[in-house]
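Below: one structure, written as structure tokens.
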Amino acid sequence: MSHRVSLKNMVFYGFHGVYEFERELGQRFYVDLDMKADLSQAGKSDRLEETVDYVSIYNQTKDIVENQRFQLLEALSYHIAEEVLRLHRLVEEVIVRVRKPSVPIAAALDYVEVEAIRRRSE
Numbered sequence: 006m007s008h009r010v011s012l013k014n015m016v017f018y019g020f021h022g023v024y025e026f027e028r029e030l031g032q033r034f035y036v037d038l039d040m041k042a043d044l045s046q047a048g049k050s051d052r053l054e055e056t057v058d059y060v061s062i063y064n065q066t067k068d069i070v071e072n073q074r075f076q077l078l079e080a081l082s083y084h085i086a087e088e089v090l091r092l093h094r095l096v097e098e099v100i101v102r103v104r105k106p107s108v109p110i111a112a113a114l115d116y117v118e119v120e121a122i123r124r125r126s127e
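According to the working numbering, the sequence shown holds residues 6 to 127 in order.
Structure below.
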């Protein structure tokens, strides 16, 4: 049996970007996590120890976005995905989407988004 646990539109203030002014001023970043796991045992037992603790995952994601610095959204999303798989044994697959609304592009757009998909077997 497969379940999906999602954390949608988490908002953090971080200092990521290729340009120095992005790393100095910082900005908001929006993050989604979709995790696939077999949580049938938790469904039977109703015990937190047998499921994906999304409070813990939120806090780990917050720590990475707010306290580490990356030039690329690809690196940021990769590190979030790797940490989820490393610390949460039940997660079989994680999809991380990172959105950056204030990009240094002379164009009208809502945001740039990078999506990273990682599976436990990788």
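Where is the CB? At the ideal position from N, CA and C, for every residue including glycine.
What is the residue span of the alpha helix (DSSP H) that Tyr-35 lies within?
-> Along the sequence shown, read from residue 1 onward, the residue named residue 35 stands at position 30. Premise fails: Tyr-35 lies in the beta strand (DSSP E), 32-42, not in any alpha helix (DSSP H).
Extent of the continuous beta strand (DSSP E) to which Val-101 belongs = Working through the sequence shown from its first residue, we reach residue 101 at position 96. Residues 96-105.
CB Leu-81 to CB Ile-100, shorter than 9 angstroms?
-> Here residue 81 refers to the residue found at position 76 of the sequence shown. Here residue 100 refers to the residue found at position 95 of the sequence shown. It is not a contact, given that the beta carbons lie outside the stated cut-off.
May I ask you to list the residues that DSSP assigns as paired with Arg-74?
-> Translated into the one-based positions of the sequence shown, residue 74 becomes position 69. Arg-74 pairs with nothing; no bridge assigned.
Taking the alpha-carbon positions, what's the Ala-121 to Ser-7 distance?
-> On the sequence shown, residue 121 is found 116 positions in, with the first residue counted as 1. On the sequence shown, residue 7 is found 2 positions in, with the first residue counted as 1. Taking the straight line from one Cα to the other gives about 20 angstroms.
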